[in-house]
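So the numbering used here is basically just the index in the sequence shown, starting at one, shifted up by 255. Here a beta-carbon is modelled for each residue, glycine too, at the ideal position from N, C-alpha and C.
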Amino acid sequence: MPVLAVLGGLCVLYGLAVLALRSGTLFFAFWLVLGAALLAGAWALHTGAWNAIGPVARRGICAVLCVLAVGFAGTQALVFQNFNDQGEDGLDYLVVLGAQVRADGPSPVLRYRLDTAYDYLQRNPGTRCIVSGSQGFNEPAPEAHVMADYLQARGIAPDRILVEDASTNTAQNMANSAAFFDPASARVGVVTNNFHVYRALRIAHKQGLSHVCGIAAPSLAFWLPNNLARESVSIAKAFALGDM
Numbered sequence: 256m257p258v259l260a261v262l263g264g265l266c267v268l269y270g271l272a273v274l275a276l277r278s279g280t281l282f283f284a285f286w287l288v289l290g291a292a293l294l295a296g297a298w299a300l301h302t303g304a305w306n307a308i309g310p311v312a313r314r315g316i317c318a319v320l321c322v323l324a325v326g327f328a329g330t331q332a333l334v335f336q337n338f339n340d341q342g343e344d345g346l347d348y349l350v351v352l353g354a355q356v357r358a359d360g361p362s363p364v365l366r367y368r369l370d371t372a373y374d375y376l377q378r379n380p381g382t383r384c385i386v387s388g389s390q391g392f393n394e395p396a397p398e399a400h401v402m403a404d405y406l407q408a409r410g411i412a413p414d415r416i417l418v419e420d421a422s423t424n425t426a427q428n429m430a431n432s433a434a435f436f437d438p439a440s441a442r443v444g445v446v447t448n449n450f451h452v453y454r455a456l457r458i459a460h461k462q463g464l465s466h467v468c469g470i471a472a473p474s475l476a477f478w479l480p481n482n483l484a485r486e487s488v489s490i491a492k493a494f495a496l497g498d499m
């Protein structure tokens with residue numbers, strides 16, 4: 256019981272911190288709900304309410320929790336398959352997936368992606384770069400435009416940067432970016448944060464990209480639990496929608 260209470264409290268505090276630091280999504284609510292559930296479980300065990308609900312209900316709750324735990328562990332195992340992918344040199348194109356932009360420029364998550372793309376483009380002068388992402392309701396400008404400006408400010412020639420500014424999710428990122436090249440023959444690297452590489456590659460393969468690899472950008476340690484948990488939900492959703 257004390258363990259559940261401590262874990263529940265930590266989840267609530269983490270969710271509040273994610274909310275306060277403006278992650279750009281509503282996923283902070285996941286941590287608040289999870290924390291509340293753990294605290295409720297701790298209370299039920301402490302007061303005896305758990306035993307009062309009856310054996311059938313207890314077994315049903317345990318079965319649901321086991322299914323969720325196995326599903327989470329399975330999706331996390333998939334995520335870590337490509338967590339450290341570094342791609343290969345000499346690619347024809349990079350597709351840099353968009354993420355939140357703010358009034359002062361790319362968010363930290365997006366800067367990691369752009370800096371990783373910049374390093375690759377410096378090593379591979381023959382590679383062109385597609386920056387992909389539209390403008391969200393809480394963003395001051397289209398992600399792709401901010402991304403292009405960032406790379407140009409760092410010295411990447413404008414003629415090496417292609418702008419795709421209509422996509423609102425990963426599936427659209429890949430589909431719309433593929434309009435710039437032949438999916439059957441082009442050698443393409445997808446640049447995104449480490450926790451996102453697996454899903455991005457599966458979506459790319461689903462959409463017919465034959466020669467595609469992942470290039471994993473780092474991510475901030477504080478945000479990693481949130482991003483990993485959110486990615487499990489996103490993978491399950493992508494499978495359900497047939498995107499992967």
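Query: Below 8 Å on the Cβ atoms is my guess for F435 versus Y348; work out the distance and round it to an integer in Å.; Result: 7 Å
Query: With DSSP as the reference, identify every bridge partner of P361, one or two as the case may be.; Result: V356
Query: Can you tell me which of the three DSSP states N424 falls into?; Result: coil
Query: For S387, which three-state DSSP category applies?; Result: strand
Query: Can you check which of these residues, A455, L417, D404, is closest to A426 by C-alpha distance?; Result: A455
Query: Helix or strand or just coil, what does DSSP make of L276?; Result: coil
Query: Please look up how many angstroms separate the CB atoms of E398 and G353, rounded, as I've assumed it's under 8 Å.; Result: 3 Å
Query: Considering only the alpha carbon of each residue, which of G296, L265, G326 lies closest to K492?; Result: G326
Query: Where A318 and A324 are concerned, what is the direct C-alpha to C-alpha distance, given to the nearest angstrom?; Result: 10 Å
Query: Thinking L346 and T382 are a contact (beta carbons under 8 Å), I'd like their distance in whole angstroms, please.; Result: 5 Å
Query: What residue range does the alpha helix (DSSP H) around E419 cover?; Result: Here E419 belongs to no alpha helix (DSSP H); instead the beta strand (DSSP E) covers 416-419.
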